[in-house]
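S.K.: Questions regarding the structure given below will be posed in turn.
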């Protein structure tokens, strides 16, 4: 049979920088990165899209960025700095087109840079906008929350919700650089500070017992707002996530295995059932607790280890249970268990769920027992 | 300065198969490909999206596909075969969302297959739908026109037009397989048969003088509808395009160099100015003629070679000129020359245009002289 074989590889590289006060005139991290990308004869454009929640707390930011960019030789800020609502950024298709129109208006091309500053939702939206404009313009992420600095912001995914389904529209599109600025963490709402740590608990549980022990030892500091401790947590967590993405052989997730989604199947559904009243990290904390108890009931995890997990989540003042976990199922309003099938569908193929063999060691299953799951929920509700 | 380096490669592989009557029960090409992708324990879904222009001429097709798929062991057709209007498929954002909703309705996941059958516009739309659903579901292309079989359908791009700008929204997302079915060519409108050959003329001019000579020798056959000659043209043209995409080191076009876009800068604009009355291939034929004359006026191309090019286009009954080339420019309605800047913007960075040093040898310039361009247009209008 006649055919032509196509075969090629595309290399993706980017750095995640750790800095503070990135647009302070004395901080050259961002400028150095850009100038290394300069090309003769072109002034490349910079379009900033900033989370309204960030500008509200950092009122000087737009002015500071403008002044900072005036010092750049080969780059120029477009006329406006765009500010977007952070809440529900991923739920509003009109916002997506509004940003697309901004890129069109400022003639952003494939050599320009779209720079997103904000939490995970805004970065996911901006990443998707950049990924599909002109088949992909370069984008830079400046995550401002614990969650986005240690997890979503350093990875390769973007997306928006559609018809209430999380990330139904999106793509895999690595950024060209990420800048984690610790100063933004100092103005976080306490709830965001806390809930951002769940991805660190998660990745430690499936991959790194030593990191889990470090969190146990530093739980008080972490829960009390200690910035140096948080910076360490973020660095280690980001490094583990990036090593998995780059090193596990499937960065764009063509298979069904998704160990980094430990605790997420129920979390996705809980977020949606709560109408996004629950923060992602809070929902994941409940999801971690649920799947840890389930792992214990399955005979995989020792009671001692389960209690250490529960204890760490409590010390970090993260939630373990929510009544919506056991909300009645019906056709119009399916409960959390229905989230299993939605999770399978989003990943595709066979249902694949990570559970725990031990702290630091995840393992996958392809079926979850609904009765055992119900017992795990009851145990969570009644005991902690 | 502290940073974490991310670095990974993603490998893309697919085959372009050449076959006839792909869904005839005796043809196992498509079934063989699918069964090689089967995974234990999953029945993977198949969603077909077909160009209305194809079903109009091949009324048996949906029934044939249904019967064919019933014979597959590990795959199942979803309930409906979706038919989309072919004309202006890329210009209708509502059509995009209608298809997204079809994928949602049939719970198409990342292990399902979305199969597009049609001309380049429909395939570009379907490819974009597949690329952004669940961050990318697998897609298979079955191009039905000369143009899509020898060029767009065998490549890695997709996209739709937005605010009148060609491919403003889209992505790079290789298909998992392409099936070029020669039987579909037999029902093409003569205008589509002819205009599809321009991409072959283009790629021969910039890369393969031998292929150009072969076309000169076979021009009569090609213009008279000889299928075996056309199959040879398509195979050689597809192979040259694929070799460039896979072999030139920049499959996702991160640089500004775009040799395969020879003749395209003015063509994109002409298509738009004509309200897509001009076929893509017709516009490209005019674009090739224009840039060939320009190359001659620049002293790059000999008169003899220019006349061979003009002669081949005429023998293939392709257009060389259109009054819109010289339409008045104004702010609301910019002419073809303004297309230079739009082309630059879509590609990004420095203007990069391929011209001809000789038949079979393209070379890039970064500036075009407007006066010389005007002379080239006049020469085209007055001489041929």
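Protein chains in written order, with the working numbering: chain A, 1 to 384; chain B, 385 to 768. Cβ coordinates follow ideal geometry from the N, Cα and C atoms, glycine included.
1) Going by C-alpha distance, which of 404(B), 388(B), 506(B), 420(B) is nearest residue 13(A)?
2) By DSSP's criteria, residue 435(B) is part of a beta bridge. Which residues make up the other side?
3) Checking 9 Å against the spacing of the C-beta atoms, do residue 67(A) and residue 25(A) come in under that value?
4) Are residue 519(B) and residue 159(A) close, meaning C-beta to C-beta below 9 Å?
5) Determine the direct distance from the alpha carbon of residue 463(B) to that of residue 187(A), and round the result to whole angstroms.
6) Please report the distance separating the alpha-carbon of residue 676(B) from that of residue 76(A).
7) Check the C-beta distance from residue 157(A) over to residue 179(A) and give it rounded, since I have them as a contact under 8 Å.
8) Got a sec: is the Cβ-Cβ distance from residue 525(B) to anything in chain A below 9 Å?
9) Who are the near neighbours of residue 166(A) in its chain, counting only those whose CB is closer than 6 Å to its CB and skipping five residues on each side?
10) Taking the alpha-carbon positions, what's the residue 263(A) to residue 468(B) distance?
11) Would you report the Cα separation of residue 350(A) and residue 425(B), rounded to the nearest angstrom?
12) Is the beta carbon of residue 103(A) closer than 9 Å to that of residue 133(A)?
13) Determine whether the beta carbon atoms of residue 400(B) and residue 601(B) lie at a separation below 9 Å.
14) So, with DSSP's three-state summary, where would you put residue 321(A)?
15) Within this structure, are the beta carbons of residue 18(A) and residue 386(B) separated by less than 9 Å?
16) Report the residue from 526(B), 431(B), 437(B) whose alpha carbon sits nearest the alpha carbon of residue 413(B).
17) Taking the beta strand (DSSP E) that residue 167(A) falls in, what are its first and last residues?
18) When the distance is taken between beta carbons, is residue 503(B) closer than 9 Å to residue 592(B)?
19) Run through chain B and tell me which residues come within less than 8 Å of residue 207(A), C-beta to C-beta.
20) Please state the DSSP three-state secondary structure of residue 460(B).
21) Assign residue 482(B) to buried or exposed, taking buried as 16 or more other Cβ atoms, counted over all protein chains shown, within 10 Å of its Cβ.
22) Could you list the residues in the region 11–24 of chain A with a C-beta less than 9 Å from some C-beta on chain B, going in chain order?
23) Between residue 44(A) and chain B, is any beta-carbon pair separated by less than 9 Å?
24) Mind listing the chain A neighbours of residue 387(B)? Cutoff is C-beta to C-beta under 8 Å, in chain order.
25) Determine, for residue 463(B), whether the minimum Cβ-Cβ distance to residues of chain A falls below 9 Å.
26) Taking residue 143(A) as part of the alpha helix (DSSP H), name the residues at either end of that continuous run.
27) Got a sec: is the Cβ-Cβ distance from residue 74(A) to anything in chain B below 9 Å?
28) Could you tell me the distance, in whole angstroms, from the CA atom of residue 443(B) to the CA atom of residue 405(B)?
29) Starting from the Cα of residue 672(B), find the closest Cα among 688(B), 660(B), 693(B), 684(B) and give me that residue.
30) Taking only three categories from DSSP, how would you classify residue 496(B)?
31) Going straight from the alpha carbon of residue 313(A) to that of residue 323(A), what length do you get?
32) Would you please verify whether the beta carbon of residue 109(A) is less than 9 Å from any beta carbon of chain B?
33) Taking the C-alpha atoms as reference points, what is the distance between residue 709(B) and residue 621(B)?
34) Buried or exposed: which applies to residue 521(B), given that a residue is buried once 16 or more other Cβ atoms fall within 10 Å of its Cβ?
35) Kindly indicate which residue of 701(B), 590(B), 643(B) has the alpha-carbon position closest to the one of residue 580(B).
36) Any idea which residues DSSP pairs residue 180(A) with across the strands?
M.R.: For this structure:
1) 388(B)
2) 468(B)
3) yes
4) yes
5) 52 Å
6) 36 Å
7) With a Cβ gap of about 18 Å, residue 157(A) and residue 179(A) do not count as contacting.
8) no
9) 268
10) 40 Å
11) 8 Å
12) yes
13) no
14) coil
15) yes
16) 526(B)
17) 165–169
18) no
19) Correct list: empty, because the minimum Cβ distance to chain B is about 16 Å.
20) strand
21) exposed
22) 11, 12, 13, 14, 15, 16, 17, 18, 19
23) yes
24) 15, 16, 17, 18
25) no
26) Here residue 143(A) belongs to no alpha helix (DSSP H); instead the beta strand (DSSP E) covers 138–143.
27) no
28) 14 Å
29) 693(B)
30) coil
31) 18 Å
32) yes
33) 27 Å
34) buried
35) 701(B)
36) 18(A)
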